[in-house]
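Read the structure below first, then the notes.
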Amino acid sequence: MNYIVLDLEWNQSPTGKVISNRNGALPFEIIEIGAVKLDEELKNISSFDRLIKPKVYLKLHKAIEKMLPITMRDLQNAKHFKEVFNEFREWCGDDIIFCTWGDMDLFQLQRNMNYFGITNDYPLPFLYLDLQSIFSEKYMKGIKNAGLNEAVDILNVSKCYPFHRAIYDAHYTAEIAKRLGLKMLEDNFSIDTYKVPLRSSEEFRIKNNRQEQYVTKAFESKEKATKYRKLRSCECFICGKPMERKVRWFCDNGKNFYSVFKCERHGYITGKFKVKKNDDGEFFAVRTMTKTDNDGYMLILEKKEKEKERERANPNTEAER
C-alpha cells in the first residue's frame, strides 16, 4: 500500500460565468496535478508533475494569475485533462490512500472527471487522509485550520520551494505527513463528499476512539439539513449512551455549527458540522464529533461568546441555535 500526496491547481471563469455541459457544471478547471508517492513507511518513492492545457476557461482569472507562477503560455504545450488524468491514475497504481491538504482537491478532481466524461469508480464512501484536519486536531484543538505555509513553519519544514505550484505544495504536504507520523495517520480517515448518500440507510459514518465523522443524506433545503434530528443527536459515539449537553448548537458567523457534550464515561466531546450543497442542488451535512478535554470545552465557550458579541454588534444577524 502506498500514500499518494495530491495537490491541484485550478483556474476559474475570468468573467464569473460558470460553463456547463450535459455532465454538469465546471466552476474550477484543473490546470496542474502534482503528487508525491510515499511507501507504507512514508518514504519517498516517486513524484508526478503535469501541467494541463485548458479546454473550458482559456484565460486565467485575475486572482489566479496573481497567485500562481503559471501563465497561459506555460499551459499551451501541455496535454488535456483526460490524457493527464489517465497518466496520473496509472502512476498511482491500485493499492493507495490519497492524502491532501484540506477537503477540496479530491472533490475538484472528481468534478473535472465528471465534466470530461471519465468514469468515477472510486469507492463509496471514498476515504482519504485530510492532513490539514489531522494537523488541526493535533496542534490547534480542532478549532482552527492552519494554512500550508503556517503548518510548514510550525513543524520547521525547510522552505526549499515556492508555494502555489502543485508539485511543490505536494512536497510540503508529504513532509508534514512524515512529521505527523504513521500512528497519527493510520486511523484518522476523512470521507470525501463529492458523492453523498441518497437516503438515510446509506449515510456514511466512520469512527475511531477519538473521533467520529458522519455524512447525512441529501435534503431539498439547507434548513431541513440543518434541523435533521440525527445530525443534532447527543449520544456518545464511543459507548452509545446519552450525553449531557453543555453548549447548545450555535452557528459561528454563518459557517460552522458547534456544540459541546459530556459523557459520564468518556468526558467532553465537541460537535462540529457544516451544511454543504452538492452539484445537484441538494444540501447535506458533514459532522465531526471529537473527544476533547476541559481546554477544548473552554475554546468552544470562547467561540460562542465571540459569536454573541458579534450578534450584539450586528443585531440583524441571524444565528441558528
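Quick note: the sequence shown, position 145, residue 145 per my numbering, numbers continuous. For glycine and all other residues, C-beta sits at the position ideal for the given N, C-alpha and C. If you're wondering where the values come from, they're calculated on a predicted model, not measured in any experiment.
Nearest residue (CA-CA) to residue i, options the options
| i | options | result |
| --- | --- | --- |
| residue 78 | 31, 109 and 90 | 31 |
| residue 279 | 196, 89, 116 and 302 | 196 |
| residue 269 | 251, 276 and 237 | 237 |
| residue 25 | 281, 291 and 300 | 281 |
| residue 69 | 309, 1 and 165 | 165 |
| residue 103 | 128, 83, 86 and 48 | 128 |
| residue 264 | 96, 115 and 240 | 240 |
| residue 15 | 209, 57, 158 and 301 | 57 |
| residue 205 | 182, 199, 215 and 109 | 215 |
| residue 297 | 275, 259, 172 and 41 | 259 |
| residue 47 | 29, 89 and 83 | 89 |
| residue 293 | 210, 126, 224 and 28 | 210 |
| residue 41 | 174, 307 and 252 | 174 |
| residue 191 | 252, 159, 227 and 98 | 98 |
| residue 91 | 49, 198, 151 and 223 | 49 |
| residue 18 | 43, 83, 115 and 96 | 115 |
| residue 96 | 186, 228, 314 and 315 | 186 |
Assumed close pair residue i, residue j - CB separation to whole angstroms, cut-off 8 Å
| i | j | result |
| --- | --- | --- |
| residue 244 | residue 261 | 6 Å |
| residue 217 | residue 284 | 7 Å |
| residue 130 | residue 148 | Rounded, the Cβ-Cβ distance is 13 Å, inconsistent with contact. |
| residue 86 | residue 45 | With 8 Å as the limit, residue 86 and residue 45 do not qualify as a contact, their Cβ atoms being about 20 Å apart. |
| residue 271 | residue 291 | Contact flag wrong, Cβ pair sits at about 11 Å. |
| residue 155 | residue 176 | 6 Å |
Cα-Cα separation, residue i to residue j
| i | j | result |
| --- | --- | --- |
| residue 287 | residue 73 | 43 Å |
| residue 66 | residue 113 | 26 Å |
| residue 101 | residue 189 | 13 Å |
| residue 34 | residue 63 | 21 Å |
| residue 93 | residue 37 | 10 Å |
| residue 153 | residue 5 | 19 Å |
| residue 13 | residue 61 | 6 Å |
| residue 117 | residue 138 | 39 Å |
| residue 81 | residue 289 | 37 Å |
| residue 23 | residue 111 | 10 Å |
| residue 221 | residue 275 | 10 Å |
| residue 178 | residue 120 | 29 Å |
| residue 160 | residue 7 | 17 Å |
| residue 202 | residue 71 | 44 Å |
| residue 309 | residue 295 | 21 Å |
| residue 232 | residue 226 | 8 Å |
| residue 219 | residue 158 | 45 Å |
| residue 224 | residue 304 | 23 Å |
| residue 167 | residue 150 | 18 Å |
| residue 208 | residue 126 | 17 Å |
| residue 212 | residue 43 | 29 Å |
| residue 163 | residue 172 | 9 Å |
| residue 229 | residue 182 | 36 Å |
| residue 123 | residue 301 | 38 Å |
| residue 21 | residue 315 | 43 Å |
| residue 255 | residue 105 | 20 Å |
Residue i: CB within 7 Å of a non-hydrogen atom of the ligand ZN
| i | result |
| --- | --- |
| residue 213 | Only the bare structure without any ligand can be found here, which leaves the ligand ZN out of the picture. |
Close Cβ partners of residue i (< 8 Å) along its chain, the five nearest in sequence each way excluded
| i | result |
| --- | --- |
| residue 75 | 31, 51, 52, 53 and 54 |
| residue 180 | 131, 134, 135 and 138 |
| residue 184 | 134 and 138 |
| residue 307 | 250, 251, 252, 253 and 319 |
| residue 145 | 102, 132, 133 and 136 |
| residue 312 | none |
Close-in-space but distant-in-sequence residues of the same chain around residue i (CB under 7 Å, 5 per side omitted)
| i | result |
| --- | --- |
| residue 200 | 217 |
| residue 234 | 242, 243, 245 and 261 |
| residue 10 | 28, 29, 30, 31 and 108 |
| residue 39 | 2 and 45 |
| residue 341 | It is not possible to answer for residue 341, since the shown part of the chain is limited to 1 through 321. |
Cut-off 6 Å between Cβ atoms - residues of its own chain near residue i, not counting five sequence neighbours on either side
| i | result |
| --- | --- |
| residue 194 | 107 and 110 |
| residue 277 | 283 |
| residue 59 | 14 |
Q: Any chance you could list the alpha helix (DSSP H) runs of at least 4 consecutive residues sitting entirely within the region 173-242, in chain order?
A: Unbroken alpha helix (DSSP H) runs of no fewer than 4 residues, entirely contained in the region 173-242, are found at 182-185 and 222-226, following chain order.
Q | Runs of alpha helix (DSSP H) wholly within the region 66-98 (minimum 4 residues, chain order) | A | 72-75 and 81-92, all fully within the region 66-98.
**Q.** Whole beta strand (DSSP E) elements within the region 3-36, 3-residue minimum
**A.** Fully enclosed beta strand (DSSP E) runs of 3 or longer: 19-21 and 24-26.
Q) What are the uninterrupted segments assigned as beta strand (DSSP E) that are 3 or more residues long and contained completely in the region 114-169, given in chain order? A) Taking only runs of at least 3 residues, the beta strand (DSSP E) segments lying wholly in the region 114-169 are 127-130.
Q | Start-end ranges of the beta strand (DSSP E) lying completely within the region 247-286, minimum 3 residues | A | Whole beta strand (DSSP E) segments, 3+ residues: 256-263 and 267-277.
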